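Numbering (my numbering), first residue to last: 18 to 742.
Worksheet: one structure, shown below.
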Amino acid sequence: MPARLDAPMKVTGDAKYAMDHNFPGMAYGYVVVSTIAHGEIESMDVTATKSAPGVLEVYSPFDPLALGPVSTPMFGETWVPLRDKEVTYAGQPIGFVVAETFEQARDAAMLVGVSYRELPALTSLVDGLDTAVAMAPGHVDEPPELTVLEEGVSSIEEAFAASAVVVDATYRTAAQNHVPMEPHSAVAVWEAGELTVYSGNQGAHLPALELSMALGLEPSAVRVVNPFVGGAFGGKGQTSAPAFLAAAASRRLGRPVKASLTREQVFTATAGRAATVQQITLGADRDGTLIALRHDSWCSTDIAGSFIEPTSHGTSRKWYATRNLAISQKIVPLHLPPTTYMRAPGEAPGSFALESAMDELAEALGMDPIELRRRNNSLAPPGRDLPWSSKHLDECFRIGADRFGWAGRTPGGRADGDWLVGMGVAVAMFPAQRFPASVGITLNADGTVDVQTGGADPGTGLLTVLSLVGAESLDIAADRIRPRIGDSALPPGGMSAGSTATASAGTAIMAGAAQVIGELLTLAASPGAPFAGEEVTYADGRVHGQGHTMTFGEVLRATGRPGLTAVGSSAPGEEMTKRSFSSFGAQFVEVRVHRLTREARVSRMLGVFDGGRIINHQTARNQLMGGMIWGVSAALHEGFEIGVGEVRGRVANADLAGYLIPVNADIPDIDVHFVEYPDTLHNDLGARGLGEIGTVGVAAAVANAIHNATGIRVRHIPIRIEDLL
Ligand code: MOS
18 MPARLDAPMK VTGDAKYAMD HNFPGMAYGY VVVSTIAHGE IESMDVTATK SAPGVLEVYS
78 PFDPLALGPV STPMFGETWV PLRDKEVTYA GQPIGFVVAE TFEQARDAAM LVGVSYRELP
138 ALTSLVDGLD TAVAMAPGHV DEPPELTVLE EGVSSIEEAF AASAVVVDAT YRTAAQNHVP
198 MEPHSAVAVW EAGELTVYSG NQGAHLPALE LSMALGLEPS AVRVVNPFVG GAFGGKGQTS
258 APAFLAAAAS RRLGRPVKAS LTREQVFTAT AGRAATVQQI TLGADRDGTL IALRHDSWCS
318 TDIAGSFIEP TSHGTSRKWY ATRNLAISQK IVPLHLPPTT YMRAPGEAPG SFALESAMDE
378 LAEALGMDPI ELRRRNNSLA PPGRDLPWSS KHLDECFRIG ADRFGWAGRT PGGRADGDWL
438 VGMGVAVAMF PAQRFPASVG ITLNADGTVD VQTGGADPGT GLLTVLSLVG AESLDIAADR
498 IRPRIGDSAL PPGGMSAGST ATASAGTAIM AGAAQVIGEL LTLAASPGAP FAGEEVTYAD
558 GRVHGQGHTM TFGEVLRATG RPGLTAVGSS APGEEMTKRS FSSFGAQFVE VRVHRLTREA
618 RVSRMLGVFD GGRIINHQTA RNQLMGGMIW GVSAALHEGF EIGVGEVRGR VANADLAGYL
678 IPVNADIPDI DVHFVEYPDT LHNDLGARGL GEIGTVGVAA AVANAIHNAT GIRVRHIPIR
738 IEDLL
């Protein structure tokens with residue numbers, strides 16, 4: 018069995034993604050987007066579009082599709098296209114052209130004439146800081162401000178005044194987009210009043226629910242299918258514009274409709290990561306003990322303020338054992354594309370600021386950066402009583418320092434020919450969570466087992482986890498497990514989000530396996546069955562009685578059953594009242610900055626992670642490498658460039674030529690190492706999340722390494738050549 022079940026299908030092209038589905042009579046939709054950042058659409062001239070070859074229908078706010086509002090308990094309101102004439106960012110979906118072919122739809126879409134009543138637009142976070150507002154309650158489950166002071170201290174300022182060393186600096190991070198390889202797309206098919214939508218997502222039940230709301234259908238009338246997902250990272254949680262539009266247009270036309278965003282549209286017609294500004298003040302004793310930590314954050318949001326990048330909250334939930342802590346979080350609504358969850362939301366940009374500041378403090382103290390972090394190791398989240406269930410961050414640093422040769426680092430870096438070489442470290446943390454999840458387990462008479470859930474595998478390895486945990490729980494070989502995911506007709510499998518899927522689905526599999534084994538034993542010992550009246554046990558895929566055994570397949574065949582099914586469920590429970598849960602890691606980066614050209618190259622990377630039990634080393638390592646590469650990307654490459662003047666608010670680099678991401682030549686061999694301590698206080702499986710932590714801390718480690726190499730402290734990302742002159 019391959020280490021990664023989906024790999025052969027993906028590399029041979031057998032994997033069928035949403036857009037690979039074709040149906041007789043299918044029509045093609047093309048999304049029309051706004052060209053201004055703020056205003057109202059006064060009129061849309063679609064005469065030429067309608068008479069263009071092959072065009073079937075043109076939908077707009079003036080001729081809308083019947084789509085209703087969508088709001089779910091988990092994600093709040095989800096924006097639904099064509100419901101009003103207000104434009105709040107450039108690149109917002111404002112129309113949908115459906116034609117016989119994709120090319121015809123695209124050509125006709127170019128003929129749409131839009132006139133706007135344009136309004137002033139605010140499109141820069143830095144320009145908008147004056148307009149910042151405290152985040153509205155209800156956005157995240159924590160208050161916008163939090164202060165924890167030790168007894169006898171009346172304000173955070175007082176704690177800084179009592180600190181021997183204080184560092185204070187402001188950091189900025191750029192807005193980003195997930196840019197998944199597979200653009201947001203959908204194929205919608207109606208049959209007898211029921212809708213099936215093929216569309217990549219992070220868990221089929223959420224888009225199924227959202228589509229049913231928008232279309233005014235019973236949830237049971239909508240099925241969402243997503244066997245393969247070409248990258249998601251938080252950007253495919255909520256239902257995409259093409260899915261809403263294809264579904265509604267298909268209903269109107271009575272034909273299947275296929276629609277996809279273009280690469281350029283993915284940058285605006287979805288949602289991305291907020292830009293942030295963060296001020297951090299650290300106060301410490303001479304020996305490095307933190308006395309006070311303040312983290313004030315501002316993040317961009319869309320005009321509706323629908324998502325907050327919780328950079329400060331990351332600090333309050335984890336990190337350091339400071340005696341005094343003050344955080345605040347403000348939002349700056351801008352006329353830019355919406356913001357949403359993006360891999361390690363909060364922690365990714367938050368750790369750039371906090372872990373850069375810790376490096377600045379280490380320098381001010383003349384202390385080794387690892388030693389400073391060890392000294393302030395937290396045993397529980399600041400201000401909370403619940404200790405970490407399992408934390409081996411010290412070991413991550415110890416092993417990491419050895420493997421990386423940290424002892425060879427000198428305060429001023431070193432030179433190697435024309436290259437200035439430096440090393441940097443940072444802490445990585447990401448909360449360990451679970452979502453409610455259900456998994457169906459069916460023992461089949463032919464000796465195979467179906468393990469099925471509606472969850473998604475956007476490259477995370479869930480499919481393989483299903484087979485490995487299924488095999489272990491049923492005590493059989495993994496090649497007898499037939500895992501199935503990516504279909505809302507299967508038991509609701511939680512989401513591939515929040516680094517929760519393995520822990521959530523894995524625990525549900527264990528529960529389901531125990532149930533189905535119980536049912537098998539009852540069946541085997543029932544009157545007329547092969548073990549009637551006997552004491553029976555289960556091991557090795559077999560029922561054991563008094564002096565004889567049978568495989569479960571034999572028992573099912575002997576009792577005339579085609580199969581036996583149980584649905585196992587799991588959800589966060591009592592453990593939440595007893596412990597705090599987080600994954601931890603230590604990031605090590607070496608950079609080389611050219612003495613003359615000033616280009617910065619990451620030359621070595623190591624991440625050592627404490628994520629509980631590792632179920633599958635290959636997929637776990639894949640996840641962490643991907644996250645670490647993303648960290649390099651954030652540090653040196655990625656960021657929206659927003660147009661000014663005539664093109665105010667447009668994403669000027671909305672393609673993969675202008676929106677820089679690392680290529681292979683930018684990335685060295687990456688060393689990923691695990692310290693493996695199963696965390697059975699978190700869940701029975703012992704696994705904690707690994708999906709997001711890989712990127713956390715990397716940008717700071719890069720910036721810290723650049724400082725070590727050059728003496729230049731850059732307090733914003735991405736760091737470019739011009740910052741190092
Ligand atoms: Mo993630 S940002 O929860 O997909």
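By construction, the Cβ of each residue, glycine as well, lies at the ideal position given by its N, Cα and C atoms.
Since this is a predicted model, take the numbers as computed values, not measurements.
- Residue state for serine 600 is assigned as strand, using DSSP reduced to three classes.
- In the structure shown, isoleucine 734 adopts extended strand secondary structure according to DSSP, grouped into three states.
- Residue burial is scored here from C-beta neighbours: threonine 29 has fewer than 16 other C-beta atoms within 10 angstroms and is therefore classed as exposed.
- The Cβ-Cβ distance between alanine 258 and proline 110 falls below 8 Å.
- Only buried fits lysine 275, as 16 or more other CB atoms lie within 10 angstroms of its CB.
- Rounded to the nearest whole angstrom, the CA to CA distance from leucine 491 to isoleucine 534 is 8 Å.
- With the rule of 3 Cβ pairs closer than 8 Å, the stretch 566–579 does not count as touching the stretch 396–406.
- Going by beta carbons, arginine 334 and proline 448 fall inside the 8 Å limit.
- With a threshold of 7 Å, the Cβ atom of phenylalanine 250 counts as near the ligand MOS, since some heavy atom of the ligand is closer than that.
- Taking 7 Å as the cut-off, the C-beta of proline 366 does not count as close to any heavy atom of the ligand MOS.
- Relative to the ligand MOS, the beta carbon of proline 327 is positioned no closer than 7 Å to any heavy atom.
- Look at lysine 275 here: in three-state DSSP terms it is strand.
- Secondary structure note for methionine 440: its beta strand (DSSP E) is the uninterrupted segment 436–448.
- When distances are taken from the beta-carbon of glutamine 193 to the heavy atoms of the ligand MOS, even the shortest one reaches 7 Å or more.
- Distance from the Cα of valine 456 is smallest, within the candidate group Val584, Asp101, Ala238, for Val584.
- In the three-state reduction of the DSSP assignment, leucine 166 falls in the coil class, being assigned neither a helical nor a strand state.
- Between the alpha carbons of serine 395 and aspartate 627 lies a gap of roughly 15 Å.
- Collapsing the DSSP output to three states places methionine 359 in coil.
- For arginine 392 and phenylalanine 245, the gap between their C-alpha atoms comes out near 45 Å.
- For methionine 230, the enclosing alpha helix (DSSP H) covers residues 222–232.
- Pairing glycine 220 with glycine 430 gives a Cβ-Cβ distance that is not under 8 Å.
- For glycine 478, the closest C-alpha among the options Glu616, Ser600, Ala522, Val87 is that of Ala522.
- Here glycine 585 is bridged, per DSSP, to Val456.
- Boundaries of the alpha helix (DSSP H) harbouring glutamate 364: 364–382, taken from the DSSP string.
- Distance between valine 715 and arginine 609, taken at the CA atoms: about 15 Å.
- The beta carbon of arginine 667 sits closer than 6 Å to the beta carbons of Ala107, Gly660 from its chain, once the five residues preceding and following it are set aside; these are given in chain order.
- Secondary structure note for phenylalanine 245: it is in no alpha helix (DSSP H), with a DSSP letter that is neither H nor E.
- As summarised for the stretch 463–498, the continuous alpha helix (DSSP H) elements at least 4 residues long and confined to that stretch are 479–491, given in chain order.
- Residue Asp496 holds the alpha-carbon nearest to the alpha-carbon of arginine 21 among Gln450, Asp496, Ser620, Gln604.
- Between valine 294 and leucine 163, the CB-CB gap reaches or exceeds 8 Å.
- The straight-line gap separating the alpha-carbon atoms of alanine 338 and aspartate 304 is approximately 14 Å.
- Under DSSP, histidine 690 takes part in a beta bridge, and its partners are Val625.
- Taking a contact to require three or more Cβ pairs closer than 8 Å, the stretch 80–94 and the stretch 636–646 do not qualify as touching.
- Pairing glycine 471 with leucine 483, the inter-Cα distance amounts to about 12 Å.
- Minimum Cα-Cα distance from serine 587 among the listed residues Ile526, Arg100, Val553 corresponds to Ile526.
- Glutamate 326 sits close to arginine 290, with the two beta carbons spaced by under 8 Å.
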